[in-house]
Amino acid sequence: MEKERLLSTEYREAIADIVEKILAEKAKQEPIDYIDWYRNTLPGRIIMIEENMVTKDDIAVIKNEIEVIKYRLQGMATKDDIKNMATKDDIENIVAKYNLENMATKDDIRNMATKDDIRNMATKDDIKNMATKDDIEFLKDSINSLKYWLSFAVAIIFFGLPFVIGLVMKLFGK
């Protein structure tokens, strides 16, 4: 069955082309007269066809290549796929719709900062001049220390003042 298919007209022509290519290679190596005689005689053609007949291994390789081509063709887009593809206008409409969905609403715009709000915002210099956490800790420590000394001074004045007044009165004799 395989041989019958291979010997159909198309295959004979294909084989003849292959043989001619082989003969062209041989022509470089052998005298041209012999090649022409071999090509033009019917027995020579039959011998060449039988010598260059496709083997089962060749058929298996060809089948594998055909399967690969079929697989590639199955993955290709059909006319319907191409017709159903998004056009440039479709993409632009989708982008426009997406942009509209994400645009600010009137409420969003009302809630946005005004020019005056922006003018009153802190500048880089303001932020640089702001107190850091360490500055605040230092101030807390300073205030606590100041409280301690003030309370000590108040205690001295409150409790020591009568003593000093009494001492002064005793010294000046009143």
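Just so you know, the sequence shown maps onto residues 2 to 175 in the working numbering. Note that the Cβ used here is the ideal one computed from N, Cα and C, for glycine as well. Here the structure is a predicted model, which means the values were calculated and not measured.
### Query
Would I16 be called buried (16 or more neighbouring beta carbons within 10 Å of its own) or exposed?
Position 15 of the sequence shown, counted from the first residue, corresponds to residue 16. Buried, because 16 or more other Cβ atoms sit within 10 Å of the Cβ of I16.
### Message
So, with DSSP's three-state summary, where would you put A17?
### Response
Start at 1 with the first residue of the sequence shown, and residue 17 comes out as number 16. Correct three-state label for A17: helix.
### Query
In whole angstroms, what separates the C-alpha of A162 from that of K129?
Reading the sequence shown from its first residue, position 161 is the one you call residue 162. Reading the sequence shown from its first residue, position 128 is the one you call residue 129. Correcting the residue identity first, residue 162 is Leu in this sequence and not Ala. Those two C-alpha atoms are separated by around 48 Å.
### Query
Where does M170 fall in DSSP's three states?
Stepping through the sequence shown from its first residue, residue 170 is reached at position 169. Here M170 sits in helix by DSSP.
### Task
For the alpha helix (DSSP H) containing A114, list its first residue and its last residue.
Numbered from its first residue, the sequence shown carries residue 114 at position 113. No alpha helix (DSSP H) holds A114; DSSP gives it neither H nor E.
### Query
In terms of residues, what are the limits of the alpha helix (DSSP H) holding A97?
If you number the sequence shown from 1, residue 97 lands on position 96. K89 to E102 is the extent of the alpha helix (DSSP H) around A97.
### Task
State the Cα-Cα distance for the pair K84 and I92, rounded to the nearest angstrom.
Here residue 84 refers to the residue found at position 83 when the sequence shown is read from its first residue. Here residue 92 refers to the residue found at position 91 when the sequence shown is read from its first residue. Cα to Cα, the separation comes out at about 15 Å.
### Start-to-end residues for the alpha helix (DSSP H) that takes in A61
For the purposes of this step, residue 61 is taken as the residue at position 60 of the sequence shown. Segment K57 to G76, the alpha helix (DSSP H) holding A61.
#### Entry: Distance, T88 Cα to D127 Cα
Translated into positions along the sequence shown, residue 127 becomes position 126. Translated into positions along the sequence shown, residue 88 becomes position 87. If you take the alpha carbons of D127 and T88, they lie about 53 Å apart.
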